[in-house]
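Encoded as structure tokens, the structure appears first; notes follow it.
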Amino acid sequence: MNRKTVLATAALGTTLALGAIGIGTAVLPAVAGAQGTDVAQVAATGTTTNVKGHPRLRDLARQEFKLAADTIGVPAKELRQDVKGGQSISEVAESKGVATQTVVDAVVNDLSGKLDKAVTDGKITQERADSIKQRLPERITNLVNRHRGAGTNN
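With our numbering applied, the sequence shown covers 534 to 687.
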């Protein structure tokens with residue numbers, strides 16, 4: 534190959550790579566709602582082992598898991614151990630005298646606020662945020678009541 538061909542190939546490869554990164558970054562907030570299974574696993578177990586998806590989604594799930602622990606009044610590490618031991622977040626909450634609905638409401642309210650900010654920042658449409666918000670209570674209730682090993686992800 535001559536020098537021009539090598540340079541053109543390198544430039545094309547670099548352009549494609551940067552374009553893929555840009556698209557991934559721009560689309561990520563809208564995809565976050567579609568990645569429920571991966572976020573669900575982290576939120577339900579407090580661990581990112583075998584979790585697929587973007588690091589921002591894992592961070593979001595960790596934040597919500599910590600919020601659930603704070604709402605219950607236990608360190609996230611303790612809640613994680615209890616969940617790994619076979620208890621649901623709901624069972625841990627009830628054993629500490631905290632109603633399951635209190636934990637669900639705290640997480641739903643936090644996520645709703647984050648969705649509102651994403652709309653304000655122009656990252657997702659209001660229609661998409663409303664669609665996600667409509668499903669939040671049921672999804673979070675399922676997560677809080679889920680036992681480790683239930684469903685497809687361990």
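Idealized CB from N, CA, C, for every residue including glycine.
Quick check: what's the CA-CA separation for residue 604 versus residue 666? Counting from one through the sequence shown, the residue named residue 604 turns up at place 71. Counting from one through the sequence shown, the residue named residue 666 turns up at place 133. Each residue's alpha carbon lies about 20 Å from the other.
Excluding five sequence neighbours on each side, which residues of the same chain lie with their C-beta closer than 7 Å to the C-beta of residue 614? Residue mapping note: residue 614 aligns to position 81 of the sequence shown, counting from 1. So the list is empty, once near-sequence residues are dropped.
Going by DSSP, what residue range makes up the alpha helix (DSSP H) through residue 618? As a working note, residue 618 is residue 85 in the sequence shown. Premise fails: residue 618 is in no alpha helix (DSSP H) and is neither H nor E.
For residue 635, the first and last residue of its enclosing alpha helix (DSSP H): By one-based count along the sequence shown, residue 635 stands at place 102. Per DSSP, the continuous alpha helix (DSSP H) segment holding residue 635 begins and ends at 633-653.
Contact between the segment 674-681 and the segment 619-632 is defined here as three or more beta-carbon pairs at a separation below 8 Å; is this criterion met? Touching, per the Cβ criterion.
Hey, would you say residue 612 sits closer than 8 Å to residue 594, going by beta carbons? On the sequence shown, position 79 is the one that residue 612 refers to. On the sequence shown, position 61 is the one that residue 594 refers to. Remark: C-beta atoms of residue 612 and residue 594 do not approach each other more closely than 8 Å.
Residue 649 and residue 662 - do their beta-carbons sit closer together than 8 Å? Within the sequence shown, numbered from 1, the residue matching residue 662 stands at position 129. Within the sequence shown, numbered from 1, the residue matching residue 649 stands at position 116. For residue 662 and residue 649, yes; Cβs fall inside 8 Å.
Just reading off the alpha helix (DSSP H) that residue 677 is part of, what are its end residues? Here residue 677 is taken as the residue at index 144 of the sequence shown, counted from 1. From DSSP, the alpha helix (DSSP H) with residue 677 extends over 659-678.
For the alpha helix (DSSP H) that residue 608 lies in, which residues bound it at each end? By 1-based counting over the sequence shown, the position of residue 608 is 75. For residue 608, there is no enclosing alpha helix (DSSP H), as DSSP marks it with neither H nor E.
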